[in-house]
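To start, the structure under review is shown below, and the notes come after it.
Numbering (the numbering used here), first residue to last: 2 to 248.
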(Lines of atoms letter the chains of each structure in order from A and count residues from 1; the text may use other names and numbers.)
(Lines give C-alpha, C1' and ligand atoms only; values in the text may rest on other atoms or scores of the structure.)
Protein backbone atom coordinates (compact mmCIF):
# COMPACT_ATOMS: atom_id res chain seq x y z
CA UNK A 1 0.00 0.00 0.00
CA UNK A 2 1.38 3.42 -1.00
CA UNK A 3 0.34 6.31 1.20
CA UNK A 4 -0.12 9.94 0.20
CA UNK A 5 3.20 11.01 1.69
CA UNK A 6 5.12 8.49 -0.44
CA UNK A 7 3.32 9.70 -3.54
CA UNK A 8 4.39 13.27 -2.82
CA UNK A 9 8.06 12.29 -2.65
CA UNK A 10 8.05 10.18 -5.83
CA UNK A 11 5.88 12.32 -8.08
CA UNK A 12 7.65 13.85 -11.10
CA UNK A 13 6.75 17.51 -11.70
CA UNK A 14 4.73 18.10 -14.86
CA UNK A 15 6.63 19.64 -17.76
CA UNK A 16 5.90 23.34 -18.30
CA UNK A 17 3.33 24.17 -20.97
CA UNK A 18 4.80 26.68 -23.43
CA UNK A 19 2.86 28.98 -25.76
CA UNK A 20 2.52 27.61 -29.29
CA UNK A 21 5.83 27.93 -31.10
CA UNK A 22 7.86 28.79 -27.99
CA UNK A 23 8.69 25.28 -26.73
CA UNK A 24 12.23 23.90 -27.02
CA UNK A 25 12.80 21.11 -29.53
CA UNK A 26 12.32 17.59 -28.20
CA UNK A 27 15.67 15.99 -27.42
CA UNK A 28 19.03 17.49 -26.54
CA UNK A 29 19.21 21.00 -25.04
CA UNK A 30 19.58 23.91 -27.48
CA UNK A 31 23.33 24.24 -26.91
CA UNK A 32 23.89 20.62 -28.02
CA UNK A 33 21.05 20.26 -30.49
CA UNK A 34 21.77 19.84 -34.21
CA UNK A 35 19.02 20.14 -36.80
CA UNK A 36 19.79 18.46 -40.14
CA UNK A 37 17.74 19.15 -43.26
CA UNK A 38 18.31 16.56 -45.99
CA UNK A 39 17.39 17.60 -49.54
CA UNK A 40 17.68 21.39 -49.61
CA UNK A 41 16.66 23.42 -52.62
CA UNK A 42 15.35 26.97 -52.99
CA UNK A 43 11.87 26.01 -51.75
CA UNK A 44 10.65 23.92 -48.82
CA UNK A 45 14.01 22.53 -47.64
CA UNK A 46 15.58 25.96 -47.32
CA UNK A 47 12.45 27.36 -45.63
CA UNK A 48 12.57 24.56 -43.04
CA UNK A 49 16.25 25.23 -42.36
CA UNK A 50 15.59 28.94 -41.90
CA UNK A 51 12.73 28.46 -39.43
CA UNK A 52 14.89 26.28 -37.17
CA UNK A 53 17.92 28.55 -37.49
CA UNK A 54 15.71 31.49 -36.47
CA UNK A 55 14.99 29.63 -33.22
CA UNK A 56 18.71 29.67 -32.46
CA UNK A 57 19.48 26.03 -33.28
CA UNK A 58 22.65 24.93 -35.03
CA UNK A 59 21.43 24.04 -38.52
CA UNK A 60 23.08 21.93 -41.22
CA UNK A 61 21.76 21.61 -44.76
CA UNK A 62 22.42 18.69 -47.10
CA UNK A 63 21.83 18.68 -50.84
CA UNK A 64 22.63 16.51 -53.85
CA UNK A 65 24.76 19.30 -55.36
CA UNK A 66 27.57 21.26 -53.71
CA UNK A 67 26.65 24.40 -55.66
CA UNK A 68 23.37 24.63 -53.77
CA UNK A 69 25.13 24.36 -50.43
CA UNK A 70 27.61 27.06 -51.42
CA UNK A 71 24.71 29.28 -52.43
CA UNK A 72 22.59 28.88 -49.29
CA UNK A 73 25.34 28.51 -46.62
CA UNK A 74 24.94 26.50 -43.39
CA UNK A 75 22.91 27.49 -40.60
CA UNK A 76 19.02 22.36 -38.31
CA UNK A 77 16.39 16.51 -34.73
CA UNK A 78 16.66 15.22 -38.24
CA UNK A 79 14.44 16.10 -41.22
CA UNK A 80 14.52 14.00 -44.36
CA UNK A 81 13.16 14.98 -47.74
CA UNK A 82 13.97 13.22 -51.01
CA UNK A 83 12.17 12.63 -54.23
CA UNK A 84 12.54 11.34 -57.79
CA UNK A 85 9.45 12.02 -59.90
CA UNK A 86 9.43 10.66 -63.40
CA UNK A 87 6.18 10.28 -65.32
CA UNK A 88 5.52 7.55 -67.87
CA UNK A 89 2.99 4.97 -69.00
CA UNK A 90 3.42 1.72 -67.08
CA UNK A 91 3.99 -0.50 -70.13
CA UNK A 92 6.72 1.87 -71.33
CA UNK A 93 8.63 1.92 -68.03
CA UNK A 94 11.85 0.04 -67.46
CA UNK A 95 13.31 -1.36 -64.28
CA UNK A 96 15.92 1.42 -64.13
CA UNK A 97 13.22 4.05 -63.64
CA UNK A 98 11.72 2.08 -60.76
CA UNK A 99 15.14 1.44 -59.24
CA UNK A 100 16.15 5.12 -59.49
CA UNK A 101 13.01 6.17 -57.64
CA UNK A 102 13.45 3.52 -54.94
CA UNK A 103 17.15 4.41 -54.55
CA UNK A 104 16.45 8.13 -54.19
CA UNK A 105 13.64 7.78 -51.66
CA UNK A 106 13.81 4.42 -49.90
CA UNK A 107 17.52 3.58 -49.79
CA UNK A 108 18.64 7.18 -49.27
CA UNK A 109 16.23 7.52 -46.36
CA UNK A 110 17.24 4.11 -44.98
CA UNK A 111 20.89 5.19 -44.86
CA UNK A 112 20.16 8.61 -43.37
CA UNK A 113 17.66 7.29 -40.81
CA UNK A 114 20.04 4.60 -39.56
CA UNK A 115 22.75 7.16 -38.90
CA UNK A 116 20.44 9.78 -37.38
CA UNK A 117 18.43 7.41 -35.20
CA UNK A 118 21.61 5.65 -34.11
CA UNK A 119 23.00 8.94 -32.79
CA UNK A 120 19.74 9.75 -31.01
CA UNK A 121 19.74 6.35 -29.29
CA UNK A 122 23.40 6.84 -28.37
CA UNK A 123 22.70 10.21 -26.70
CA UNK A 124 19.61 8.74 -24.97
CA UNK A 125 17.86 12.11 -24.71
CA UNK A 126 15.21 11.72 -27.36
CA UNK A 127 15.01 13.36 -30.76
CA UNK A 128 12.83 13.85 -33.81
CA UNK A 129 12.85 12.47 -37.36
CA UNK A 130 10.44 14.25 -39.71
CA UNK A 131 9.90 12.87 -43.21
CA UNK A 132 8.26 14.70 -46.09
CA UNK A 133 5.92 12.70 -48.30
CA UNK A 134 3.60 13.56 -51.17
CA UNK A 135 0.11 12.84 -52.47
CA UNK A 136 1.51 9.60 -53.90
CA UNK A 137 2.35 8.46 -50.37
CA UNK A 138 -1.32 7.63 -49.91
CA UNK A 139 -2.81 7.70 -53.42
CA UNK A 140 -0.97 6.53 -56.52
CA UNK A 141 -1.67 8.56 -59.66
CA UNK A 142 -1.73 7.19 -63.18
CA UNK A 143 1.63 7.58 -64.87
CA UNK A 144 3.59 7.78 -61.62
CA UNK A 145 4.16 4.13 -60.67
CA UNK A 146 7.85 4.49 -59.64
CA UNK A 147 7.16 7.64 -57.62
CA UNK A 148 4.09 6.11 -55.94
CA UNK A 149 6.01 2.92 -55.11
CA UNK A 150 8.82 4.90 -53.48
CA UNK A 151 6.60 7.30 -51.56
CA UNK A 152 4.27 4.55 -50.35
CA UNK A 153 7.26 2.56 -49.11
CA UNK A 154 8.67 5.62 -47.36
CA UNK A 155 5.41 6.18 -45.52
CA UNK A 156 5.29 2.56 -44.33
CA UNK A 157 8.90 2.78 -43.17
CA UNK A 158 7.97 5.83 -41.09
CA UNK A 159 5.11 3.94 -39.46
CA UNK A 160 7.44 1.08 -38.52
CA UNK A 161 10.08 3.46 -37.18
CA UNK A 162 7.51 5.46 -35.20
CA UNK A 163 6.36 2.30 -33.41
CA UNK A 164 9.90 1.08 -32.73
CA UNK A 165 11.59 4.31 -31.71
CA UNK A 166 8.68 5.89 -29.88
CA UNK A 167 9.56 3.41 -27.13
CA UNK A 168 13.01 5.05 -27.07
CA UNK A 169 11.62 8.59 -26.71
CA UNK A 170 12.28 9.41 -30.38
CA UNK A 171 9.51 11.08 -32.37
CA UNK A 172 9.09 9.90 -36.00
CA UNK A 173 6.45 11.67 -38.09
CA UNK A 174 5.45 11.70 -41.76
CA UNK A 175 4.10 14.82 -43.49
CA UNK A 176 1.97 14.37 -46.61
CA UNK A 177 2.34 17.39 -48.89
CA UNK A 178 -0.84 17.24 -50.98
CA UNK A 179 -0.54 20.02 -53.52
CA UNK A 180 1.74 22.15 -55.65
CA UNK A 181 4.58 23.88 -53.77
CA UNK A 182 5.28 27.45 -54.80
CA UNK A 183 8.65 27.58 -56.57
CA UNK A 184 10.39 28.94 -59.64
CA UNK A 185 9.99 25.49 -61.19
CA UNK A 186 6.22 25.70 -60.71
CA UNK A 187 6.14 29.23 -62.13
CA UNK A 188 8.04 28.09 -65.21
CA UNK A 189 5.73 25.09 -65.65
CA UNK A 190 2.71 27.41 -65.79
CA UNK A 191 4.64 29.83 -68.05
CA UNK A 192 4.65 32.59 -65.46
CA UNK A 193 7.57 35.00 -64.84
CA UNK A 194 10.10 33.19 -62.63
CA UNK A 195 11.02 36.39 -60.78
CA UNK A 196 7.49 36.71 -59.34
CA UNK A 197 5.65 34.94 -56.54
CA UNK A 198 2.17 33.47 -56.74
CA UNK A 199 -0.38 36.06 -55.71
CA UNK A 200 -1.52 35.02 -52.22
CA UNK A 201 -0.56 31.45 -53.07
CA UNK A 202 -2.83 31.34 -56.13
CA UNK A 203 -1.61 29.69 -59.31
CA UNK A 204 -2.37 31.76 -62.40
CA UNK A 205 -2.80 30.64 -65.98
CA UNK A 206 -5.71 29.35 -68.05
CA UNK A 207 -8.14 26.89 -66.45
CA UNK A 208 -6.27 26.84 -63.12
CA UNK A 209 -7.32 30.14 -61.58
CA UNK A 210 -9.05 28.36 -58.69
CA UNK A 211 -6.00 26.34 -57.70
CA UNK A 212 -3.57 27.37 -54.97
CA UNK A 213 0.05 26.62 -54.20
CA UNK A 214 1.57 25.78 -50.84
CA UNK A 215 3.91 28.55 -49.66
CA UNK A 216 7.21 27.12 -48.32
CA UNK A 217 7.68 29.73 -45.58
CA UNK A 218 4.20 28.93 -44.24
CA UNK A 219 4.71 25.18 -44.60
CA UNK A 220 7.95 25.25 -42.61
CA UNK A 221 6.09 26.30 -39.45
CA UNK A 222 4.52 22.82 -39.37
CA UNK A 223 7.93 21.13 -39.16
CA UNK A 224 8.83 23.35 -36.20
CA UNK A 225 5.48 22.58 -34.54
CA UNK A 226 6.06 18.83 -34.86
CA UNK A 227 9.63 19.04 -33.54
CA UNK A 228 8.40 20.95 -30.48
CA UNK A 229 5.69 18.46 -29.52
CA UNK A 230 5.79 17.02 -26.00
CA UNK A 231 6.09 13.19 -25.80
CA UNK A 232 2.63 13.03 -24.21
CA UNK A 233 1.10 14.40 -27.42
CA UNK A 234 2.89 13.27 -30.58
CA UNK A 235 1.57 13.47 -34.12
CA UNK A 236 2.67 10.52 -36.25
CA UNK A 237 1.27 11.79 -39.56
CA UNK A 238 -0.44 14.89 -40.91
CA UNK A 239 -1.24 16.33 -44.31
CA UNK A 240 -0.86 19.83 -45.74
CA UNK A 241 -2.82 21.22 -48.67
CA UNK A 242 -4.12 24.60 -49.88
CA UNK A 243 -7.69 25.56 -48.99
CA UNK A 244 -8.89 25.14 -52.59
CA UNK A 245 -7.06 21.87 -53.32
CA UNK A 246 -9.44 19.03 -54.24
CA UNK A 247 -8.97 15.87 -52.17
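A virtual CB, placed ideally from N, CA and C, is assigned to each residue, including glycine.
Just curious, the beta strand (DSSP E) that residue 176 is in, first and last residue?
171-178
Using three-state DSSP, classify residue 139 as helix, strand or coil.
coil
Opposite residue 61 in the DSSP bridges: which residues?
37
What's the call for residue 51, buried or exposed, on a 16-neighbour Cβ count within 10 Å?
Its Cβ being crowded by 16 or more others within 10 Å, residue 51 is buried.
Measuring only the C-alpha atoms, how far is residue 15 from residue 231?
11 Å
Quick one: any contact between the segment 118-134 and the segment 165-172, if contact means 3 or more CB pairs under 8 Å?
yes
For residue 45 and residue 217, which I take to be in contact (beta-carbon distance under 8 Å), what is that distance rounded to the nearest angstrom?
5 Å
Endpoints, alpha helix (DSSP H) assigned at residue 276:
Nothing about residue 276 can be read from this structure; the chain reaches only from 2 to 248.
What is the DSSP secondary structure of residue 18, reduced to helix, strand or coil?
In the displayed model, residue 18 falls within coil according to three-state DSSP, outside both helix and strand.
Quick check: what's the CA-CA separation for residue 32 versus residue 121?
For the pair residue 32 and residue 121, the Cα-to-Cα distance works out to about 15 Å.
Taking only the alpha-carbon atoms, compute the straight-line gap between residue 61 and residue 234 and give it to the nearest angstrom.
27 Å
For residue 93, count the other beta carbons within 10 Å of its own beta carbon; 16 or more makes it buried, fewer makes it exposed. Which is it?
A residue is called buried when at least 16 other Cβ atoms come within 10 angstroms of its Cβ; residue 93 does not meet this threshold and is exposed.
Looking at the secondary structure, which residues open and close the alpha helix (DSSP H) in which residue 165 lies?
146-166
Residue 141 to residue 20, Cα distance in whole Å?
38 Å
Compute the Euclidean distance between the alpha carbons of residue 154 and residue 246, then round it to the nearest angstrom.
24 Å
How is residue 238 classed by DSSP in three states: helix, strand or coil?
strand
Tell me which residues share the same chain as residue 107 and place their Cβ nearer than 8 Å to its Cβ, disregarding the 5 neighbours each side in the sequence.
151, 154, 155 and 158
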